[in-house]
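Report on the structure given below.
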Amino acid sequence: MKHVIVGAGPAGVVASGILRKLRAEDEILLIGGEPEPPYSRMAIPYYLIGNVKEEGTYLKTDADHYKKHRIDYLQAQVTKIDPKKKELHLESGKTAGYDKLLLATGAFPIRPPVPGIEDPDITGCWTLADARLIAKRCKKGTKVLQMGAGFIGCIIMEAIAATGVELTIVEMGDRMVPRMMNETCGNLIKRWCEKKGITVHTSTQVTKIEKRKDKKPRYLIHTKDGQQLEADLIIASTGVAPALDYLKGSGVETDGGILINEHMETSVADIYAAGDCAKGRDFSTGGYEVQAIQPTATEHGRIAAQNMAGVQTPHPGSLNMNVLDTVGLISSSFGQWMGVEGGDHAELLDEENFRYLRLEFKDDVLVGAQALGLTQHVGVLRGLIQTETHLGPWKEKLKSDPTQLMSAYLAKAQAQTLP
Amino acid sequence: MQKSLNIDPNKCTGCLQCEMACAYELEGSFNPAHSRIKIFHFEEQGRFVPYTCTQCAEAWCLHACPVDAIKMDATTGAKVVDEATCVGCKVCTIACPFGTVNYNQSSGKVIKCDLCGGDPACAKACPTEAITYVDANWTGLDKMREWAAKTDTGTTTAAAKPSAPAGH
Ligand SMILES: Cc1cc2nc3c(=O)[nH]c(=O)nc-3n(C[C@H](O)[C@H](O)[C@H](O)COP(=O)(O)OP(=O)(O)OC[C@H]3O[C@@H](n4cnc5c(N)ncnc54)[C@H](O)[C@@H]3O)c2cc1C
Ligand code: SF4
Ligand code: SF4
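Those protein sequences? They're chains X and Y, same order as listed.
Residue numbers are given in the working numbering: position 368 of the first sequence equals residue 365, and the series is strictly consecutive.
Offset between the second sequence (1-based) and the working numbering: plus 49.
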């Protein structure tokens, strides 16, 4: 049996390891489209800031990992798949056969249709190649404009600001991380960034980028609300979309992501999908969506591999969750952080100290949460949500004092361990 | 047989010796803020509950780490953070459903219980045997693991096998 995995990010690499564990004799081919050994995009900010060298971003610390586990690693771009012949076409013109195929091609950055944005010097922050370029260009005093303050935008901000540049952010939403934090929290993060010397423009958009030949800074940026901003370097962090181009004509159904069932199977037999390219099941809603986060990618990779190996494993759904460090302010968000209809919530706000905790309930079950400045025992939020623990009388206690979270958790979730 | 921490909250008097011993063992200071084991106080009932990592079999923290910084110690079964590899991304802190990996802002890394290499300082320091290091059979921590199995997202190795030692 030959398993082929396209994509060597966390989803693909985790899948390769599980396949080896479950199928000692099978052939495993892992194909990655980038020149570096398999690495984690998530670690890029820490490379940028200089905490780790490039090797520090690799998914496996042991350089011989793949060889040791008899996982063949091929650096190649897949251009087409042919399910009838059970074959992949590579950019080099070569082909490779498979018995079972996992699509784990992740996502790639997208840019809004703004005049001037195609400039080759405008960079994303998605690959190690991007990171090298940013590291080279960011010098003390360089004027940097970052488009987008989504969750990835907020994470890279710290690394970029730390290089001593003059940083300006333009975000379309009315606050920072609008898709994982509510107004209160998103605006607190904005205020925090401003306090740290970053200029933040929200509720506006870049409408035009002019490159000036004769003048520095090189770029003149026009915004919807009529401002003109200057920058030496523009970083676009304006969202990502699943990588699906190579699927044209394959019969693999997509709709803003590869469609899969609860066994991670696509619409074509023997082809599975996992990670940022796949519309996987969401724990909270039971629906299928692209979550585009690391924990989900590894969960997908694991479950897909189990199914490929013949261990029938349904995916109960991944919990959407995130933790951010925005120039030193730590925030996290879980599940239905925006609340649910007919639900109820508990809230604690300490603006001065940038602390916030908001818990969303459905009946007496925690279904979502947002936290700012919380670093201790954060994981219990996930635990309570995913085990659907009934909080009983603790819900009222939490409503009057959300800081009782750990006590509520111990009393209800771990009650069996208490006398 | 692999050993496991066994916690009996009934015996805990809230003296915090374990927290101090832990902080001293791992950070060289008697500052309980650095302790990997925490005592929670239920004021209404006058009860104390020691709480730390169960070294659970699912090891969510280990699997969530993007840079392979959490490894399993083959002898003790502990899931151990390699500080030199950890980039401080905190993904493990939201992945662990027990909330027992915590971010330490001063070091920029995460900290969790590593069983002190097989000789846990907390158990030695506890004067009432509320914390003991015993053969792992059906310890309080196994019951916690059983709870966490509900969080399970499809591991083959999953769930609470009462007799299975930590880390399998
Ligand atoms: C700067 C940054 C910070 C982030 N921070 C966080 C964070 O804090 N928390 C979090 O949860 N997530 C974070 N993420 C997101 C996280 O990195 C992704 O969710 C994760 O990488 C998805 O894994 P994946 O395996 O699905 O895809 P990817 O990691 O994108 O890997 C896809 C792989 O497929 C390959 N590929 C694509 N097309 C082809 C092809 N046609 N042929 C061959 N190979 C191909 C690529 O080369 C790559 O190897 C961050 C991302 C970035 C960029
Ligand atoms: S209890 Fe949490 S910290 Fe301990 S091994 Fe399990 S996931 Fe990791
Ligand atoms: S904080 Fe460190 S140990 Fe935890 S997931 Fe990130 S790199 Fe791994």
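Beta carbons are placed, not taken as given, at the ideal position from N, Cα and C, and that holds for glycine.
Since we're looking at a predicted model, the values are computed, not measured.
Taking Cβ-Cβ distances shorter than 9 angstroms, what residues in chain X pair up with ILE86(Y)?
Chain X residues near ILE86(Y): none, gap ~12 angstroms exceeds 9 angstroms.
Beta-carbon separation of PRO292(X) and GLU259(X) under 8 angstroms?
no
Contact check, ARG85(Y) vs THR103(Y), beta carbons under 8 angstroms:
no
CB of GLY277(X) within 8 angstroms of CB of GLY9(X), strictly:
no
Strictly under 8 angstroms for the Cβ-Cβ distance: is ILE107(X) near chain Y by that measure?
no
So what does DSSP say about MET144(X), is it helix, strand or coil?
Residue state, collapsed to three classes: strand.
ALA133(Y) beta carbon near ligand 3 (any heavy atom closer than 7 angstroms):
No, Cβ of ALA133(Y) sits at least 7 angstroms from all heavy atoms of ligand 3.
Do LEU125(X) and ILE231(X) have their C-beta atoms within less than 8 angstroms of each other?
no
Are the CB atoms of GLU357(X) and GLY376(X) within a distance shorter than 8 angstroms?
No, the pair does not count as a contact, with Cβ atoms beyond the cut-off.
Spatial distance of ASP163(Y) from PRO176(Y) (CA atoms)
21 angstroms
What is the chain-ordered set of residues for which the beta carbon lies under 6 angstroms from any non-hydrogen atom of ligand 2?
Look at which beta carbons fall closer than 6 angstroms to any heavy atom of ligand 2; those residues are CYS102(Y), THR103(Y), GLN104(Y), CYS105(Y), ALA108(Y), TRP109(Y), CYS110(Y), LYS128(Y), CYS145(Y), PHE147(Y), THR149(Y), VAL150(Y), LYS161(Y).
I'd like to know if the region 382 to 392 of chain X and the region 58 to 77 of chain Y are in contact, where contact means that at least 3 CB-CB pairs between them fall below 8 angstroms.
no
For the region 153 to 213 of chain X, which segments carrying the alpha helix (DSSP H) assignment without a break, of at least 4 residues, lie completely within its bounds, in sequence order?
180 to 192
DSSP on GLY53(X), reduced to helix/strand/coil?
helix
Give me the DSSP bridge partner(s) of GLU92(Y).
Bridge partners of GLU92(Y): none, in fact.
Chain Y partners of LYS57(X), CB-CB under 7 angstroms?
ASP117
Is the beta carbon of CYS138(Y) within less than 7 angstroms of some heavy atom of ligand 3?
Between ligand 3 and CYS138(Y), a heavy atom-to-CB distance of less than 7 angstroms is present.
For ALA144(Y) and chain X, any beta-carbon pair shorter than 8 angstroms?
yes
Classify GLN436(X) as buried or exposed, calling it buried when 16 or more other Cβ atoms lie within 10 Å of its own Cβ.
Lying outside -2 to 416, the shown extent of chain X, residue 436(X) is not represented and no answer is given.
Looking only at its chain, what residues have a beta carbon closer than 8 angstroms to the beta carbon of SER234(X), apart from the 5 residues adjacent to it on each side?
Excluding residues within five positions, the ones whose Cβ falls inside 8 angstroms are PRO106, GLY121, CYS122, GLN143, MET144, GLY145, ALA146, GLY147, ILE149, GLY150, ILE153.
Measure how close the beta-carbons of ILE78(X) and TYR243(X) come, nearest whole angstrom, since I'm counting them as under 8 angstroms.
7 angstroms
Does CYS134(Y) get closer than 8 angstroms to chain X when you measure Cβ to Cβ?
Contrary to the premise, residue 134(Y) reads as Thr rather than Cys in this sequence. Yes, its Cβ sits closer than 8 angstroms to a Cβ of chain X.
Alpha carbon to alpha carbon, what distance is there between LEU354(X) and GLY137(Y)?
22 angstroms
At a Cβ cut of 9 angstroms, what residues of the region 136 to 168 of chain Y count as close to chain X, listed as they run along the chain?
VAL136, GLY137, CYS138, LYS139, VAL140, CYS141, THR142, ILE143, ALA144, CYS145, PRO146, PHE147, GLY148, THR149, VAL150, ASN151, TYR152, ASN153, GLN154, GLY157
Apart from the five residues just before and just after VAL98(Y), which ones in its own chain have a Cβ nearer than 6 angstroms to its Cβ?
PRO58, PHE89
C-alpha distance - GLU51(X) paired with TYR44(X), whole-angstrom precision
6 angstroms
Can you tell me whether TYR100(Y) sits near ligand 1, meaning its C-beta is under 7 angstroms from at least one heavy atom of the ligand?
no
Which same chain residues end up closer than 7 angstroms to CYS141(Y) when comparing Cβ atoms and leaving out the 5 residues on each side of it in sequence?
CYS110, ALA113, CYS114, ILE119, VAL150, VAL159
What are the boundary residues of the alpha helix (DSSP H) that includes ARG17(X)?
7 to 19
Give, in chain order, every unbroken run of the beta strand (DSSP E) that is at least 3 residues long and sits entirely within the region 88 to 150 of chain X.
92 to 94, 97 to 100, 104 to 106, 140 to 144
Name the one or two DSSP bridge partners that SER328(X) has.
LEU321(X), LEU369(X)
Just to confirm, does PRO80(X) get its C-beta within under 7 angstroms of one of the non-hydrogen atoms of ligand 1?
no
First through last residue of the alpha helix (DSSP H) which encompasses GLY418(X):
Residue 418(X) lies beyond the range of chain X shown here (-2 to 416); nothing can be said about it.
Is there a C-beta anywhere in chain X that falls below 8 angstroms from the one on VAL98(Y)?
yes
Does the beta-carbon distance from VAL364(X) to GLN333(X) come in below 8 angstroms?
yes
What do you reckon, is the C-beta of ILE119(Y) under 7 angstroms from a heavy atom of ligand 3?
yes
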